[in-house]
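Contents: one structure, followed by commentary.
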Amino acid sequence: MIKAVIFDLEGVIVDSERHWDKSDTKFLKNHGIKYDSKRIKPLLMGKNLHEGVKILQGIYDLRGEVEDLVQERRDIIINLYPTTNFIPGFKCFFNKVKKLYSTGVATSIERRFLEIIDNKLGISNLFNNHVYSIADIGFTSKPNPDIFLFVADKIKTKPEECLILEDSPNGIEAAKRAGMKCIALTTSTDRKRLKGADFIVDSYSQIELNRFL
Numbered sequence: 007m008i009k010a011v012i013f014d015l016e017g018v019i020v021d022s023e024r025h026w027d028k029s030d031t032k033f034l035k036n037h038g039i040k041y042d043s044k045r046i047k048p049l050l051m052g053k054n055l056h057e058g059v060k061i062l063q064g065i066y067d068l069r070g071e072v073e074d075l076v077q078e079r080r081d082i083i084i085n086l087y088p089t090t091n092f093i094p095g096f097k098c099f100f101n102k103v104k105k106l107y108s109t110g111v112a113t114s115i116e117r118r119f120l121e122i123i124d125n126k127l128g129i130s131n132l133f134n135n136h137v138y139s140i141a142d143i144g145f146t147s148k149p150n151p152d153i154f155l156f157v158a159d160k161i162k163t164k165p166e167e168c169l170i171l172e173d174s175p176n177g178i179e180a181a182k183r184a185g186m187k188c189i190a191l192t193t194s195t196d197r198k199r200l201k202g203a204d205f206i207v208d209s210y211s212q213i214e215l216n217r218f219l
């Protein structure tokens, strides 16, 4: 029986995934490289800035010190975050869910980005401060399941009693490795890349609480 719903943040609660395409396009252009979003974006989703740079270095002839490249990437993306808004349908869905289940947030983004979003949209208040990032667990990113297991422990729910809402292959894999059910939203990823989820939906309006929960 499901007793808790744990949400990824980007692409699930807020629309900040769109920022990363713009940011990485500019970042790579600065280095004379054309960004192939369709091929590269799925590899970067759910990864922190440092891991993302390492991935990009492995794909492209991206020269420079890792920490310098991380800071450059950070400086570009952080200016886009103030325009972040809720994913359509999230608030209505969440208002129903919070009456019935424990809730929490498990995200891979840095705290400074999380703070920008929180200051604008009040995420912490919505989730009674059960908003956690990989900074809380030593920066271990998805598909490692640690962030989901950490949140489950914080909201005092067994892994098998948790349902995860995700939008990335790495997040889905993390949920399954944690022993949790997973609904995938196609907000930022092609449906075919989300096939590891228990259910796939195109919008919150397609989630029938009595069916999924």
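For the sequence shown, the positions run 7 to 219 when my numbering is used. The C-beta atom is built at its ideal place from N, Cα and C for all residues, glycine as well.
Use the C-beta contact count for residue i: other C-beta atoms within 10 angstroms, 16 or more gives buried, fewer gives exposed.
{"i": "residue 197", "result": "exposed"}
{"i": "residue 137", "result": "buried"}
{"i": "residue 58", "result": "buried"}
{"i": "residue 176", "result": "buried"}
{"i": "residue 29", "result": "buried"}
{"i": "residue 186", "result": "buried"}
{"i": "residue 43", "result": "exposed"}
{"i": "residue 62", "result": "buried"}
{"i": "residue 72", "result": "exposed"}
{"i": "residue 100", "result": "buried"}
Of all the options the options, which has the alpha carbon lying nearest to the alpha carbon of residue i?
{"i": "residue 129", "options": "142, 106, 146 and 110", "result": "110"}
{"i": "residue 14", "options": "174, 201 and 81", "result": "174"}
{"i": "residue 190", "options": "199, 125 and 171", "result": "171"}
{"i": "residue 24", "options": "81, 133 and 86", "result": "86"}
{"i": "residue 16", "options": "61, 63 and 91", "result": "91"}
{"i": "residue 142", "options": "149, 155 and 26", "result": "155"}
{"i": "residue 78", "options": "37, 107, 41 and 98", "result": "37"}
{"i": "residue 120", "options": "107, 108 and 135", "result": "135"}
{"i": "residue 157", "options": "108, 75 and 74", "result": "108"}
{"i": "residue 149", "options": "159, 124 and 181", "result": "181"}
Give a yes or no on whether the C-beta atoms belonging to residue i and residue j are separated by under 8 Å.
{"i": "residue 10", "j": "residue 113", "result": "no"}
{"i": "residue 65", "j": "residue 46", "result": "yes"}
{"i": "residue 202", "j": "residue 179", "result": "yes"}
{"i": "residue 80", "j": "residue 55", "result": "yes"}
{"i": "residue 82", "j": "residue 32", "result": "yes"}
{"i": "residue 60", "j": "residue 147", "result": "no"}
{"i": "residue 140", "j": "residue 153", "result": "yes"}
{"i": "residue 105", "j": "residue 215", "result": "no"}
{"i": "residue 188", "j": "residue 204", "result": "yes"}
Which of the three DSSP states, helix, strand or coil, is assigned to residue i?
{"i": "residue 145", "result": "coil"}
{"i": "residue 172", "result": "strand"}
{"i": "residue 96", "result": "helix"}
{"i": "residue 46", "result": "helix"}
{"i": "residue 31", "result": "helix"}
{"i": "residue 202", "result": "coil"}
{"i": "residue 16", "result": "strand"}
{"i": "residue 187", "result": "strand"}
{"i": "residue 58", "result": "helix"}
{"i": "residue 110", "result": "strand"}
{"i": "residue 87", "result": "helix"}
Pop quiz: residue i and residue j are said to be a contact at Cβ under 8 Å. What is the actual Cβ separation, rounded to whole angstroms?
{"i": "residue 88", "j": "residue 122", "result": "6 Å"}
{"i": "residue 151", "j": "residue 183", "result": "4 Å"}
{"i": "residue 39", "j": "residue 68", "result": "7 Å"}
{"i": "residue 48", "j": "residue 199", "result": "6 Å"}
{"i": "residue 192", "j": "residue 213", "result": "Actually they are not in contact, since the Cβ atoms of residue 192 and residue 213 sit about 12 Å apart, beyond 8 Å."}
{"i": "residue 169", "j": "residue 8", "result": "5 Å"}
{"i": "residue 95", "j": "residue 210", "result": "3 Å"}
Should residue i be counted as a contact of the ligand ADP given a C-beta to heavy atom distance under 7 Å?
{"i": "residue 135", "result": "Absence of the ligand ADP from the depicted structure is noted, as is the absence of any ligand whatsoever, leaving it without description."}
Say whether chain D places a C-beta atom closer than 8 Å to the C-beta of residue i.
{"i": "residue 161", "result": "No chain D appears in this structure, which consists of one protein chain only."}
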